[in-house]
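Enquirer: One structure, as structure tokens, below. Some questions next.
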């Protein structure tokens with residue numbers, strides 16, 4: 001998916017660690033919601049699998065992957 005004006009390039013500059021280990025855990029939802037490409041999503045899944053392996057976070061990432069795939073189909 002290409003970046004469109006409504007999708008800020010700045011959010012793609014966050015590392016998986018910054019997305020999944022923010023100072024406030026409530027920011028994880030927002031960090032996942034602002035993933036707009038599969039490469040970033042895969043990097044976050046790999047990071048989570050390698051470090052925390054939190055099932056709820058992996059489920060959120062899976063849900064986001066489904067959303068991204070459905071957007072690509074449109």
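Numbering (this note's numbering), first residue to last: 1 to 74.
Using N, Cα and C, we set each Cβ at its ideal position, and we do this for glycine too.
Between 14, 37, 32, 13, which lies nearest to residue 72 when the distance is taken from Cα to Cα?
Expert: 37
Enquirer: Can you tell me whether residue 21 is helix, strand or coil according to DSSP?
Expert: In the three-state scheme derived from DSSP, where H, G and I count as helix and E and B as strand, residue 21 is classed as coil.
Enquirer: My assumption, with CB atoms under 8 angstroms, is that residue 57 sits in contact with residue 20. Please give the rounded CB distance.
Expert: 6 angstroms
Enquirer: Could you tell me the alpha carbon to alpha carbon distance between residue 28 and residue 51, rounded to whole angstroms?
Expert: 15 angstroms
Enquirer: How far does the alpha helix (DSSP H) with residue 47 in it extend, from its first residue to its last?
Expert: 38 to 50
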